[in-house]
Amino acid sequence: MIRPLNAREHSVALRMIRSATPSPDEADFAAFTPEQRQGWNPPEPISNEQRQIWECRLGEVMVTSRCDCGTCPSIGMRPQNRLDDERRDDQGGDGDYSERVVLTAGSPGAMLLLFIDDDSPSYLELAPIDEGQSFTDFPEPETISF
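Residue numbers (the numbering used here): 584 to 729.
Below, the structure written as structure tokens:
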């Protein structure tokens, strides 16, 4: 299943690239235990240049997978050129990155996460907050809170 982002997926990811903050943020990181701090790098501010790179690369990604949990519309993404490379030499895959930034935002009833791996959007996740709640599509971009 390889396809372009649909309009809603693109709009949500773009809004997050332009406005969301990394996870954990400074306040969350300050409250971490010493053990928790070992698993995370301290949060770094996101530059406008980084956001511009991510926005440009959003136009290059293709949807490669869909979450099968049945409660969310979360999707995996890869840049088209990386898909071509993987088809040629059958290498790469999930977790095959050297730098990761996770952007977070909220939406009524859900948390939104956008994973940026090696400066390219790689996973757009909508996680329902309440047990038993499910979503079939991402929210309207204007309902996203930061």
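The beta carbon of each residue, even a glycine, is placed where N, CA and C say it ideally should be.
Computed from a predicted structure; not experimentally measured.
Are the beta-carbon atoms of residue i and residue j separated by less than 8 Å?
i, j, result
"R598", "P724", "yes"
"M660", "I585", "no"
"A693", "P704", "no"
"L709", "P656", "yes"
Checking the sheet assignment: what are the DSSP bridge partners for residue i?
i, result
"F698", "V685, Y706"
"I658", "R649, L707"
"S690", "A693"
"R586", "V646"
"S728", "G689"
Leaving aside the five residues before and after residue i along the sequence, list all residues of the same chain whose C-beta is less than 6 Å from its C-beta, in chain order.
i, result
"F615", "none"
"Q526", "No statement about residue 526 is possible, as the shown extent of the chain runs from 584 to 729 and does not include it."
"R683", "D700"
"Y706", "G659, F698"
"D611", "none"
Taking 7 Å as the limit between beta carbons, can you name the residues of its chain near residue i, skipping five residues before and five after?
i, result
"D608", "P626"
"S681", "D701"
"F721", "R591, E592, V595, P656, L709"
"T719", "P656"
Write down the C-beta distance between residue i and residue j rounded to the nearest angstrom, noting that I regard them as a contact closer than 8 Å.
i, j, result
"S606", "T687", "4 Å"
"G689", "L695", "7 Å"
"R649", "I658", "6 Å"
"T654", "S717", "4 Å"
"I600", "E638", "5 Å"
Keeping to the same chain, check which residues put their C-beta closer than 8 Å to that of residue i; ignore five residues upstream and five downstream.
i, result
"S728", "A688, G689, S690"
"E714", "none"
"T726", "S690, P691"
"R620", "F612"
For the region 590-652, list the beta strand (DSSP E) runs that are entirely contained and at least 3 residues long, ordered along the chain. Within the region 590-652, the complete beta strand (DSSP E) runs of at least 3 residues are 644-649.
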